[in-house]
Amino acid sequence: MQAYYPCPDCNGEQFAAFYTCRDYTVSGELFTLARCRQCQMVITQQPPPSEKIGSYYKSEDYVSHSDTKRGLFFRLYHLARGWMLQSKRKLVEKYSGKTNGKLLDWGCGTGYFPAAMQQAGWHVQGIEADEDARNYARQKFSFAVVAPEQVAQLPDSQYDCISFWHVMEHLHDLQGTIADIERLLAPQGIVVVALPNQQSYDAWYYGRYWAAWDVPRHLWHFAPQNIERLMAAHGFGLLHKQTMPFDPFYVALLSEKYREKRWGFINGILQGLISLVKGYLNVNQSSSVIYVFSRKRQ
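Below you can see the structure in the form of C-alpha coordinates.
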(Lines of atoms letter the chains of each structure in order from A; the text may use other names.)
(Lines give C-alpha, C1' and ligand atoms only; values in the text may rest on other atoms or scores of the structure.)
Protein backbone atom coordinates (compact mmCIF):
# COMPACT_ATOMS: atom_id res chain seq x y z
CA MET A 1 0.00 0.00 0.00
CA GLN A 2 1.06 3.62 -0.55
CA ALA A 3 1.94 5.48 2.66
CA TYR A 4 0.21 8.69 3.65
CA TYR A 5 3.61 9.87 4.92
CA PRO A 6 6.99 8.62 3.69
CA CYS A 7 8.91 6.77 6.38
CA PRO A 8 11.01 9.23 8.42
CA ASP A 9 13.61 6.55 9.13
CA CYS A 10 14.40 5.25 5.63
CA ASN A 11 12.23 7.55 3.43
CA GLY A 12 10.47 4.48 2.06
CA GLU A 13 6.97 4.76 0.62
CA GLN A 14 5.97 1.09 0.44
CA PHE A 15 4.00 -0.05 3.46
CA ALA A 16 2.06 -3.14 4.48
CA ALA A 17 -1.27 -2.78 6.30
CA PHE A 18 -0.70 -3.65 9.94
CA TYR A 19 -3.58 -2.97 12.38
CA THR A 20 -6.81 -1.05 12.41
CA CYS A 21 -7.03 0.61 15.83
CA ARG A 22 -9.75 2.57 17.61
CA ASP A 23 -9.34 5.92 19.32
CA TYR A 24 -10.55 4.87 22.77
CA THR A 25 -9.77 8.21 24.41
CA VAL A 26 -11.87 10.75 22.51
CA SER A 27 -13.57 10.04 19.19
CA GLY A 28 -14.11 6.27 18.88
CA GLU A 29 -12.91 6.55 15.27
CA LEU A 30 -10.86 3.86 13.54
CA PHE A 31 -7.40 4.53 12.10
CA THR A 32 -5.11 2.30 10.05
CA LEU A 33 -1.52 1.56 10.98
CA ALA A 34 0.95 0.56 8.28
CA ARG A 35 4.44 -0.93 8.60
CA CYS A 36 7.33 0.17 6.38
CA ARG A 37 8.43 -2.78 4.26
CA GLN A 38 12.06 -1.65 4.41
CA CYS A 39 12.78 -0.66 8.05
CA GLN A 40 9.67 -1.94 9.91
CA MET A 41 8.67 1.45 11.33
CA VAL A 42 4.90 1.84 11.83
CA ILE A 43 2.98 4.97 10.82
CA THR A 44 -0.59 6.06 11.48
CA GLN A 45 -2.32 6.56 8.14
CA GLN A 46 -4.43 9.63 7.32
CA PRO A 47 -4.44 11.23 10.78
CA PRO A 48 -6.18 14.59 11.30
CA PRO A 49 -4.02 17.50 10.08
CA SER A 50 -2.13 19.51 12.67
CA GLU A 51 -4.69 22.34 12.61
CA LYS A 52 -7.51 19.93 13.52
CA ILE A 53 -5.90 17.37 15.80
CA GLY A 54 -6.26 19.52 18.93
CA SER A 55 -9.82 18.30 19.47
CA TYR A 56 -8.50 14.72 19.80
CA TYR A 57 -6.66 15.75 22.99
CA LYS A 58 -9.74 17.19 24.71
CA SER A 59 -10.40 14.56 27.34
CA GLU A 60 -9.95 14.38 31.10
CA ASP A 61 -8.41 10.97 30.47
CA TYR A 62 -5.51 12.68 28.71
CA VAL A 63 -3.60 13.19 31.92
CA SER A 64 -0.62 15.20 30.61
CA HIS A 65 -3.03 17.95 29.56
CA SER A 66 -5.82 17.71 32.12
CA ASP A 67 -3.87 16.71 35.27
CA THR A 68 -6.93 14.70 36.32
CA LYS A 69 -6.93 12.66 39.55
CA ARG A 70 -10.30 11.06 38.81
CA GLY A 71 -10.45 7.34 39.62
CA LEU A 72 -7.98 4.85 41.08
CA PHE A 73 -5.95 4.54 37.87
CA PHE A 74 -5.03 8.23 37.72
CA ARG A 75 -4.51 8.53 41.49
CA LEU A 76 -1.89 5.79 41.17
CA TYR A 77 -0.34 7.69 38.27
CA HIS A 78 0.08 10.79 40.44
CA LEU A 79 1.58 8.76 43.30
CA ALA A 80 4.24 7.40 40.93
CA ARG A 81 4.95 10.79 39.34
CA GLY A 82 7.07 12.17 42.20
CA TRP A 83 9.50 9.28 41.91
CA MET A 84 9.55 9.56 38.11
CA LEU A 85 10.36 13.28 38.21
CA GLN A 86 13.36 12.77 40.48
CA SER A 87 14.56 9.86 38.35
CA LYS A 88 14.35 12.02 35.23
CA ARG A 89 16.24 14.85 36.95
CA LYS A 90 19.07 12.51 37.97
CA LEU A 91 19.28 11.15 34.42
CA VAL A 92 19.54 14.65 32.92
CA GLU A 93 22.15 15.76 35.43
CA LYS A 94 24.25 12.61 34.95
CA TYR A 95 24.48 12.82 31.18
CA SER A 96 24.58 16.61 30.83
CA GLY A 97 27.21 16.92 33.57
CA LYS A 98 25.30 19.89 34.99
CA THR A 99 23.18 20.59 38.05
CA ASN A 100 21.94 24.07 37.11
CA GLY A 101 21.92 24.29 33.32
CA LYS A 102 19.28 25.40 30.85
CA LEU A 103 16.45 23.01 30.02
CA LEU A 104 13.93 23.15 27.18
CA ASP A 105 11.09 20.65 27.69
CA TRP A 106 9.31 20.08 24.39
CA GLY A 107 5.67 19.13 24.90
CA CYS A 108 5.75 20.04 28.58
CA GLY A 109 2.02 19.49 29.14
CA THR A 110 0.95 20.86 32.52
CA GLY A 111 4.59 21.50 33.41
CA TYR A 112 5.53 19.14 36.23
CA PHE A 113 8.91 18.06 34.85
CA PRO A 114 10.26 21.57 34.12
CA ALA A 115 8.92 22.64 37.52
CA ALA A 116 10.88 19.86 39.24
CA MET A 117 14.02 20.89 37.35
CA GLN A 118 13.43 24.54 38.22
CA GLN A 119 13.14 23.65 41.90
CA ALA A 120 16.48 21.82 41.59
CA GLY A 121 18.17 25.00 40.29
CA TRP A 122 17.77 24.73 36.53
CA HIS A 123 16.68 27.55 34.21
CA VAL A 124 13.69 26.09 32.40
CA GLN A 125 11.40 26.78 29.49
CA GLY A 126 8.60 24.76 27.94
CA ILE A 127 7.00 24.27 24.53
CA GLU A 128 3.38 23.13 24.49
CA ALA A 129 0.77 23.03 21.74
CA ASP A 130 -2.31 22.87 23.97
CA GLU A 131 -3.35 26.33 25.17
CA ASP A 132 -5.07 25.10 28.34
CA ALA A 133 -1.99 23.09 29.37
CA ARG A 134 0.27 26.09 28.62
CA ASN A 135 -1.82 28.35 30.82
CA TYR A 136 -1.93 25.78 33.62
CA ALA A 137 1.88 25.43 33.60
CA ARG A 138 2.44 29.20 33.56
CA GLN A 139 0.00 29.91 36.37
CA LYS A 140 0.96 27.00 38.64
CA PHE A 141 4.74 27.01 38.18
CA SER A 142 5.62 30.49 36.81
CA PHE A 143 8.03 29.54 34.05
CA ALA A 144 7.94 30.55 30.39
CA VAL A 145 5.95 28.29 28.05
CA VAL A 146 5.61 29.04 24.34
CA ALA A 147 3.52 27.57 21.55
CA PRO A 148 5.29 25.48 18.85
CA GLU A 149 4.88 28.24 16.28
CA GLN A 150 7.10 30.45 18.48
CA VAL A 151 10.09 28.08 18.42
CA ALA A 152 11.82 30.19 15.76
CA GLN A 153 12.07 33.00 18.35
CA LEU A 154 14.12 30.90 20.78
CA PRO A 155 17.89 31.57 20.96
CA ASP A 156 20.47 29.44 19.17
CA SER A 157 22.83 27.04 20.98
CA GLN A 158 21.55 27.86 24.48
CA TYR A 159 20.03 24.69 25.94
CA ASP A 160 22.05 22.12 27.85
CA CYS A 161 19.19 19.64 27.63
CA ILE A 162 16.21 19.41 25.29
CA SER A 163 13.73 16.79 26.47
CA PHE A 164 10.87 14.98 24.77
CA TRP A 165 8.95 12.86 27.29
CA HIS A 166 6.54 10.86 25.14
CA VAL A 167 6.24 13.76 22.70
CA MET A 168 8.18 12.96 19.52
CA GLU A 169 5.58 10.39 18.45
CA HIS A 170 3.01 13.23 18.31
CA LEU A 171 4.91 15.65 16.07
CA HIS A 172 3.52 16.34 12.61
CA ASP A 173 6.75 18.00 11.48
CA LEU A 174 9.19 15.43 12.79
CA GLN A 175 12.11 16.33 10.53
CA GLY A 176 11.61 20.05 11.11
CA THR A 177 11.62 19.55 14.86
CA ILE A 178 14.90 17.64 14.77
CA ALA A 179 16.37 20.48 12.68
CA ASP A 180 15.21 22.87 15.44
CA ILE A 181 17.02 20.71 18.01
CA GLU A 182 20.24 21.08 16.00
CA ARG A 183 19.89 24.87 16.16
CA LEU A 184 18.82 25.20 19.80
CA LEU A 185 21.09 22.70 21.53
CA ALA A 186 24.29 23.93 23.18
CA PRO A 187 27.49 22.41 21.72
CA GLN A 188 27.91 19.98 24.65
CA GLY A 189 24.17 19.56 25.24
CA ILE A 190 22.08 16.40 25.33
CA VAL A 191 18.70 15.38 23.90
CA VAL A 192 16.50 13.10 26.01
CA VAL A 193 13.74 11.24 24.15
CA ALA A 194 11.22 8.85 25.73
CA LEU A 195 9.13 6.77 23.34
CA PRO A 196 6.77 3.80 23.35
CA ASN A 197 8.41 0.76 21.80
CA GLN A 198 6.39 -0.97 19.08
CA GLN A 199 8.61 -4.06 19.30
CA SER A 200 7.98 -4.52 23.03
CA TYR A 201 6.43 -7.58 24.66
CA ASP A 202 3.24 -5.71 25.59
CA ALA A 203 2.83 -4.38 22.02
CA TRP A 204 2.97 -8.00 20.82
CA TYR A 205 0.65 -9.30 23.55
CA TYR A 206 -2.09 -6.68 23.19
CA GLY A 207 -1.95 -6.31 19.40
CA ARG A 208 -4.45 -3.75 18.13
CA TYR A 209 -5.57 -3.04 21.72
CA TRP A 210 -2.10 -1.86 22.80
CA ALA A 211 -2.76 1.47 24.49
CA ALA A 212 0.47 3.04 23.22
CA TRP A 213 -0.77 3.01 19.62
CA ASP A 214 -2.97 5.89 20.92
CA VAL A 215 -4.33 6.79 17.49
CA PRO A 216 -4.61 9.40 16.05
CA ARG A 217 -2.47 11.32 18.54
CA HIS A 218 0.55 9.06 17.97
CA LEU A 219 1.66 9.47 14.36
CA TRP A 220 4.95 7.57 14.46
CA HIS A 221 5.54 4.23 16.18
CA PHE A 222 9.24 3.66 16.74
CA ALA A 223 11.36 0.66 17.54
CA PRO A 224 14.80 1.44 19.03
CA GLN A 225 16.62 1.04 15.70
CA ASN A 226 14.24 3.54 14.04
CA ILE A 227 14.82 6.45 16.40
CA GLU A 228 18.55 5.74 16.66
CA ARG A 229 18.99 5.83 12.86
CA LEU A 230 16.79 8.92 12.53
CA MET A 231 18.80 10.86 15.10
CA ALA A 232 22.10 9.62 13.63
CA ALA A 233 21.05 10.99 10.24
CA HIS A 234 20.87 14.43 11.90
CA GLY A 235 24.28 14.13 13.53
CA PHE A 236 23.31 12.77 16.96
CA GLY A 237 24.93 9.75 18.57
CA LEU A 238 23.38 7.54 21.24
CA LEU A 239 24.91 7.98 24.71
CA HIS A 240 22.56 5.80 26.73
CA LYS A 241 19.20 4.07 26.77
CA GLN A 242 17.12 2.56 29.54
CA THR A 243 13.67 1.23 30.34
CA MET A 244 10.86 3.22 31.99
CA PRO A 245 9.74 1.05 34.93
CA PHE A 246 6.18 2.31 35.44
CA ASP A 247 5.15 2.41 31.79
CA PRO A 248 4.53 -1.36 31.38
CA PHE A 249 1.86 -1.23 34.10
CA TYR A 250 0.28 1.99 32.83
CA VAL A 251 0.08 0.64 29.27
CA ALA A 252 -1.08 -2.85 30.27
CA LEU A 253 -3.88 -1.57 32.52
CA LEU A 254 -5.13 0.81 29.82
CA SER A 255 -4.93 -1.96 27.23
CA GLU A 256 -6.97 -4.26 29.48
CA LYS A 257 -9.57 -1.51 29.83
CA TYR A 258 -9.86 -1.35 26.04
CA ARG A 259 -10.16 -5.15 25.72
CA GLU A 260 -12.99 -5.23 28.30
CA LYS A 261 -11.96 -8.68 29.50
CA ARG A 262 -12.93 -10.22 32.83
CA TRP A 263 -10.17 -9.98 35.43
CA GLY A 264 -8.57 -7.25 33.34
CA PHE A 265 -6.99 -5.42 36.29
CA ILE A 266 -5.28 -8.57 37.58
CA ASN A 267 -4.09 -9.57 34.11
CA GLY A 268 -2.88 -6.01 33.49
CA ILE A 269 -0.68 -6.18 36.59
CA LEU A 270 0.62 -9.59 35.50
CA GLN A 271 1.37 -8.51 31.93
CA GLY A 272 2.94 -5.29 33.17
CA LEU A 273 5.25 -7.32 35.40
CA ILE A 274 6.22 -9.66 32.56
CA SER A 275 6.92 -6.66 30.31
CA LEU A 276 8.96 -4.97 33.05
CA VAL A 277 11.18 -8.04 33.52
CA LYS A 278 11.68 -8.44 29.77
CA GLY A 279 12.62 -4.77 29.52
CA TYR A 280 15.25 -5.09 32.25
CA LEU A 281 16.69 -8.18 30.58
CA ASN A 282 16.78 -6.46 27.17
CA VAL A 283 16.15 -2.72 26.95
CA ASN A 284 15.16 -3.09 23.27
CA GLN A 285 12.08 -5.02 24.40
CA SER A 286 10.96 -2.42 26.97
CA SER A 287 7.44 -1.06 26.84
CA SER A 288 8.94 2.44 26.65
CA VAL A 289 12.57 3.43 26.22
CA ILE A 290 14.47 6.55 27.28
CA TYR A 291 17.23 7.54 24.84
CA VAL A 292 19.99 10.07 25.54
CA PHE A 293 21.69 11.59 22.49
CA SER A 294 24.52 14.07 22.00
CA ARG A 295 26.14 15.60 18.95
CA LYS A 296 28.54 13.26 17.21
CA ARG A 297 32.12 14.31 17.74
CA GLN A 298 33.97 15.11 14.53
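Note that the working numbering has the sequence shown beginning at 1, numbered continuously upward.
Glycine included, every Cβ here is placed at the ideal spot set by N, Cα and C.
Because the structure is a prediction, the values reported are computed rather than measured.
| Asked | Found |
| --- | --- |
| Top-ranked residue by Cα proximity to A34, from H218, T243, K257 | H218 |
| Buried/exposed call for R134, threshold 16 Cβ in 10 Å | buried |
| Assumed close pair N226, S287 - CB separation to whole angstroms, cut-off 8 Å | Not really, about 16 Å apart at Cβ, beyond 8 Å. |
| 8 Å Cβ cutoff met for L253 and G279 | no |
| Local Cβ density within 10 Å of V92, reported as buried at 16 or more and exposed below that | buried |
| For Q198: DSSP bridge partner residues | DSSP output for Q198 lists no bridge partner at all. |
| Beta-bridge partners of M240, as assigned by DSSP | For the sequence presented, residue 240 should be read as His rather than Met. According to DSSP, H240 bridges with V292. |
| Three-pair Cβ contact test at 8 Å for the segment 160-167 versus the segment 185-201 | yes |
| For T32 and I269, the rounded distance between their alpha carbons | 28 Å |
| Residues bridged to R22 [DSSP beta-bridge criterion] | L30 |
| Burial state of G28 (16 or more Cβ within 10 Å) | exposed |
| Within the segment 157-234, ranges of the beta strand (DSSP E) (whole runs, at least 3 residues) | 159-165, 185-196 |
| Length of the line joining the Cα atoms of N11 and E149 | 25 Å |
| Limits of the unbroken alpha helix (DSSP H) element including I266 | 264-281 |
| Inter-residue Cα distance where the pair is G97 and N282 | 26 Å |
| Test item: CB-CB of T99 and G82 under 8 Å | no |
| DSSP beta-bridge partners of R138 | Bridge partners of R138: none, in fact. |
| For F141 and Q118, believed in contact at Cβ under 8 Å, the rounded distance | 7 Å |
| Delimiting residues of the beta strand (DSSP E) encompassing A144 | 144-146 |
| Cβ neighbours of A3 in the same chain (closer than 8 Å, five flanking residues each side left out) | Confidence in A3 is poor, its pLDDT being 49 and thus under 50, which makes the residue's placement too unreliable to answer from. |
| Proximity below 8 Å, CB of C108 to CB of E128 | yes |
| Q199 and A223 closer than 8 Å at C-beta | yes |
| Close-in-space but distant-in-sequence residues of the same chain around R89 (CB under 7 Å, 5 per side omitted) | A116, M117, A120 |
| Length of the line joining the Cα atoms of M244 and W210 | 17 Å |
| Separation of W263 from V146, as counted between CA atoms | 44 Å |
| CB of Y159 within 8 Å of CB of A137, strictly | no |
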